[in-house]
Amino acid sequence: MILALDRVAKRFGGVRAVSEVTFSVARREIVALIGPNGAGKTTLFSLVAGSLAPDAGTIRFEDRDVTGLAPHRIAALGLVRTFQTAQPFERLTVAQNIAVGAHLHLAARGAALQRAAEIAERVGLGKWLDRPARELNVAGRKRLELARALATEPRLLLLDEVMAGLNPTEVDAIVPTIFAIRDSGITVLLTEHVMRAVMRLSDRVLVLNNGRLIAQGKPADVAADPAVVEAYLGRGATPQVAGELAHG
Amino acid sequence: MKSAGAILVLILVLIPVPWLVRSDFWLNFAVLALYYGFLGQSWNILGGYGGQFSFGHAAFFGTGAYAGAVLQLQFGVNPWLALLLAGVAGGIVGAIVGGLSFRYGLRGSYFALVTLAFAEVLRILADSLGFTGAGVGLQIPLHPSPVNFQFAGKAGFYFVILALTALGLAVAWYIGHSRFGARLMAVRDSEDAAQALGVNVFRVKLAAIILSAVLMALGGAFYLQYFLYVDPEIAYGPAVSIAALLAPIVGGLGTMFGPLVGAVALQLLNEASESAIGAAPGLNLVLYGAALVLIIAFLPEGIAGIMRLRAGIWRRRLA
Amino acid sequence: MVEAAIVVPAILNGLTTGAVYALVALGLTLIYGVLHIINFAHGALLMVALYGVYFLNATVGIDPYLALPVMIPGMFALGYLLQRYVIGRAGRGKDENVMLVTLGLAIVIENLALYLWSSDTRTIETPYSFSTVDLGVALIAVPKVIAFFGALVVTILLWALMRWTDLGKAIRALAKERRGAQLVGINVDHLYAMSFGIGIACLGAAACLLLPSYYASPHIGSAFVLIAFTIVVLGGMGSTVGALVGGLIIGVTESLGGLFMGESLGKIGVFIIFIAVLLFRPTGLFGQKA
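Residue numbers (our numbering), protein chains in the order written: chain A, 1 to 248; chain B, 1001 to 1319; chain C, 2001 to 2290.
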């Protein structure tokens, strides 16, 4: 197990954003974390990545307790996240952006820039190397987020709604990239709202609702799970949806 | 490596200036332009490359000036050695200001405010304590001799400030070509993203402020030797804090030559206004303030921004 | 051991100064609360107001307190125009830009004053300049007593304005939610300028109350700016009550500091408080978490 959460909980004031969440991710899996808005997905990501510290529970990464460690230390250990709203280093070029990630393990400027060029090619940004990052459109920025994270040589990649803001063509274009990432040996944990992509990409799906894990399993099983259907669509939706999914 | 070449060429071109420039007036102009350029270079490290705007950089300048003065007057330290130690003193103050401010996550206007407060605290202390001469300040006795870091003519000072300028350019070059610099600029553009990529934001910012403070303190020690006098207002007053940020903003934040270009432009503006309207107290600062507002309004990337626009147009023409 | 006879007057004087400080800080905290900008030109504008009161007195012979109906609208107009046509335009909403623009304005204003009026300090004399009020434990100068109550009255009026008038409600709506305010048809640029104007109008009032016991000089802006920031941060950004309480606390701190440590070193207490609050409790006493 590359990642193991045990009864992780976080509350903000009186609100339990995340409670009693327990799950693990195996190496080279692509696991999707889904749930309606406000279910606690982003909070959970922040807890794993270290920007928030849990009130209870433990988080183990590669069999090492990382609960409450600072974000930059967790990243240095090989657990790297991307952001839902892309945060490029606007005044730097694409190459310089990616190089910042590469510098985690490479001290020399030249080596980092070279690694940046290679990774840019892999994610399809090869032609943009010397352009300022602020010139990229949304899809480009998402790829840049990916590229920067990849440059740090992560072993577990947390993708926070990487498809958000992409049109269907762009979504279809990024799916093979994510498969390629997994094939290169990196485990992927992603949160998404774009269900098509989730169904195609994931080996397993975790469903969060009101801060609790209400289902986990193979994509098709989870989609058919009445509890999941009701979490999204409300009580009584199960019979209607079951029919739709049987044909989907 | 092109920029390293550019630096070398610039320095080489500037070396013969004292022999080419006949009048004392213009040599003084050159010294002051480089001096303000150097102050700007030091501010630029933290403000331009690091994105942390300090409004109280006088805290480091004044420490350098007073350290130089006290070491010479009270402890008989050789002025050149005092210069180096002044840099160290500045670095220590930088570490304190940065250590506290960044540890508690102060950013943007709050950071600017706290630097103002630190400078003011130091000014009050300098104004009240005996060993800094209280309100009267400290004066260095006139003993012109190179060993004494005092020169009969301005040429000697010119070479010293030229050497300091070269140092500033070297630091800027290092920032543009190193891991540290890449991380610093990343922190400037997005702290959260930088952190997520493994950058220790606190350490990077702390290193930047210390580096900036050391250079600023060297500037203070140079001022002391050039004018042989320092008092609380000169050392820690708002004038030098403003001077330090003005040059990089006018010339181009976060660029290698921006602070120098800005300093020269501001000095020229100063001279032009003095010959046009006469030297009146406060007038040149009015122009500086207006320049600041206008630059922010119309040319936020400074003079370097004009260059970039031009370069962009050419690139599109050739593509 | 220090006698009460010395400390009590110091505290009372501190309170009167503090009330005027509070009025200055009130404008600053309003500007921050609505526009979210830290107005580095606040001290310089107070200085302009002080000169305004001075010249009204020196040239036309108007008593400073009677100048209130002139100074308040006058400074309001100045503030409105500055925000609408300079700060708003040049700053374009970006925090770092606005910081520098207000700093630039401060430099221009302060040095223009230096150029026009030289660095001589200007004071005025009124028939009651040297009268005092006997409170038993202390004698307090009349101008200071008037300043204290005047500041309280203006503060209450401002609070009422913000609470009960349509303008005040619109401003508070804007402070909370800019988009929503726009959707409801509020002219954001105009309202921002109104808010800034009100904040500067406070300076007009403060100047009328302050000049009789103080002086005008180009450089006092810098001194007041830091004190005003300290109060706003101590009291909590955007909090009216905070500005008042903070002002009183700082006024007393400065007064006692001056008493125990001397005029110049005494001010250090204020800035130590400032640094401490910024570091350890940036939301201040009554502020809200960002």
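For every residue, glycine included, the Cβ atom is placed at its ideal position computed from N, Cα and C.
Next on the checklist: For a cutoff of 9 Å on Cβ pairs, would you count C:ARG2089 as touching chain B?
Outcome noted: yes
Next on the checklist: Against chain B, does A:GLU90 count as a neighbour if the rule is that its beta carbon must be under 9 Å from one of theirs?
Outcome noted: yes
Checklist entry - Which partner residues of B:SER1145 appear in the DSSP bridge assignment? => result B:GLN1150
Next on the checklist: Helix, strand or coil for B:ILE1242? Go by DSSP, reduced to three states.
Outcome noted: helix
Next on the checklist: Closest to B:LEU1268 by C-alpha separation, out of B:LEU1287, B:ILE1045, B:ALA1089, B:PHE1061, would be which residue?
Outcome noted: B:LEU1287
Checklist entry - Alpha carbon to alpha carbon, what distance is there between C:SER2119 and C:LEU2211? => result 16 Å
Checklist entry - Which chain B residues are close to C:ASP2189, counting only those with a beta carbon under 9 Å from its beta carbon? => result For C:ASP2189, there are no neighbours in chain B by C-beta distance under 9 Å, as the nearest C-beta there is about 16 Å away.
Next on the checklist: If the criterion is Cβ atoms closer than 9 Å, does the pair C:GLY2269 and C:VAL2277 meet it?
Outcome noted: no
Checklist entry - CA-CA distance, B:GLN1052 and C:ILE2006? => result 45 Å
Checklist entry - Closest by CA to B:LEU1010, which one among B:ASN1078, B:ALA1170, B:GLY1068, B:GLY1050? => result For B:LEU1010, the nearest C-alpha among the options comes from B:ALA1170.
Next on the checklist: I want to verify the contact list: residues of chain B whose CB lies under 9 Å from the CB of A:LEU104, in sequence order.
Outcome noted: LEU1197, GLY1198, VAL1199
Checklist entry - Between the segment 51–78 of chain A and chain B, which residues of the former have CB atoms less than 7 Å from a CB of the latter, in chain order? => result PRO71, HIS72, ALA75, ALA76
Checklist entry - Whose CA, out of A:VAL21, A:SER19, A:ILE30, lies closest to the CA of A:LEU158? => result A:ILE30
Checklist entry - Is B:PHE1075 helix, strand or coil when you go by DSSP? => result helix
Next on the checklist: Considering Cα atoms alone, identify which of B:THR1063, B:PHE1149, B:GLY1091 is closest to B:GLU1233.
Outcome noted: B:THR1063
Checklist entry - Near C:THR2121, which residues of its chain fall below 8 Å by C-beta distance, leaving aside the five closest residues on each side in sequence? => result TYR2215, ALA2216, SER2217
Item to check | B:GLY1135 versus C:ILE2272: straight-line alpha-carbon distance, rounded | outcome: Their Cα atoms are separated by approximately 21 Å.
Item to check | Check whether C:ILE2231 and C:TYR2021 have beta carbons under 9 Å apart | outcome: Yes, the Cβ-Cβ distance between C:ILE2231 and C:TYR2021 is below 9 Å.
Next on the checklist: Between the alpha carbons of A:ALA197 and C:ILE2227, how many angstroms are there, rounded?
Outcome noted: About 57 Å.
Item to check | Close-in-space but distant-in-sequence residues of the same chain around C:ALA2290 (CB under 7 Å, 5 per side omitted) | outcome: Low confidence applies to C:ALA2290: its pLDDT is 46, below 50, so where it sits in the model is not reliable enough to give any reading.
Checklist entry - Around the C-beta of B:LYS1205, are 16 or more other C-beta atoms found within 10 angstroms, so that it is buried, or is it exposed? => result buried
Next on the checklist: Since C:VAL2034 and C:SER2195 should fall inside the 8 Å C-beta cutoff, what is the C-beta to C-beta distance between them, to a whole number of angstroms?
Outcome noted: 4 Å
Checklist entry - Is C:TYR2293 helix, strand or coil when you go by DSSP? => result The requested residue 2293 of chain C is not part of the displayed model; chain C covers only 2001 to 2290.
Checklist entry - Out of curiosity, what's the CA-to-CA distance linking B:PRO1281 and C:LEU2112? => result 9 Å
Next on the checklist: Assuming A:SER19 is part of the beta strand (DSSP E), what are its boundary residues?
Outcome noted: Segment 15–25, the beta strand (DSSP E) holding A:SER19.
Next on the checklist: Quick check on B:ASP1189 - is its C-beta less than 9 Å from some C-beta in chain D?
Outcome noted: The chain inventory of the structure shown lacks chain D, comprising the protein chains A, B and C.
Checklist entry - Within 9 Å (strictly less), CB to CB, does C:VAL2233 reach chain B? => result By this cut-off, C:VAL2233 is an interface position.
Next on the checklist: Contact criterion: CB-CB distance below 9 Å. Does A:THR82 meet it with respect to chain B?
Outcome noted: yes
Checklist entry - In the segment 2229–2289 of chain C, which residue ranges form an unbroken alpha helix (DSSP H) of at least 4 residues, counting only runs that do not cross its ends? => result Within the segment 2229–2289 of chain C, the complete alpha helix (DSSP H) segments at least 4 residues long are 2240–2261, 2263–2266, 2268–2280, listed from N- to C-terminus.
Item to check | Residues near C:LEU2081 by beta carbon distance below 6 Å, same chain, minus five either side | outcome: none
Next on the checklist: Below 8 Å on the Cβ atoms is my contact criterion, and I expect B:PRO1259 with B:GLY1040 to pass it. Report the Cβ-Cβ distance as a whole number of Å.
Outcome noted: 3 Å
Item to check | Beta-carbon proximity of A:ILE34 to A:LEU201, cut-off 9 Å | outcome: In this structure, A:LEU201 does not lie closer than 9 Å to A:ILE34 by Cβ.
Checklist entry - What residues match up with A:ASP160 in a beta bridge as DSSP calls it? => result A:THR191
Item to check | Nearest to C:VAL2233 (by Cα), restricted to the options B:PHE1111, B:ALA1069, B:PHE1060, B:GLY1098 | outcome: B:PHE1111
Next on the checklist: Within 10 Å of its beta-carbon, does B:TYR1174 have 16 or more other beta-carbons around it, so buried, or fewer, so exposed?
Outcome noted: exposed
Next on the checklist: Ignoring anything shorter than 4 residues, give me the alpha helix (DSSP H) runs that lie fully in the segment 16–95 of chain A, in order along the chain.
Outcome noted: 41–49, 71–77
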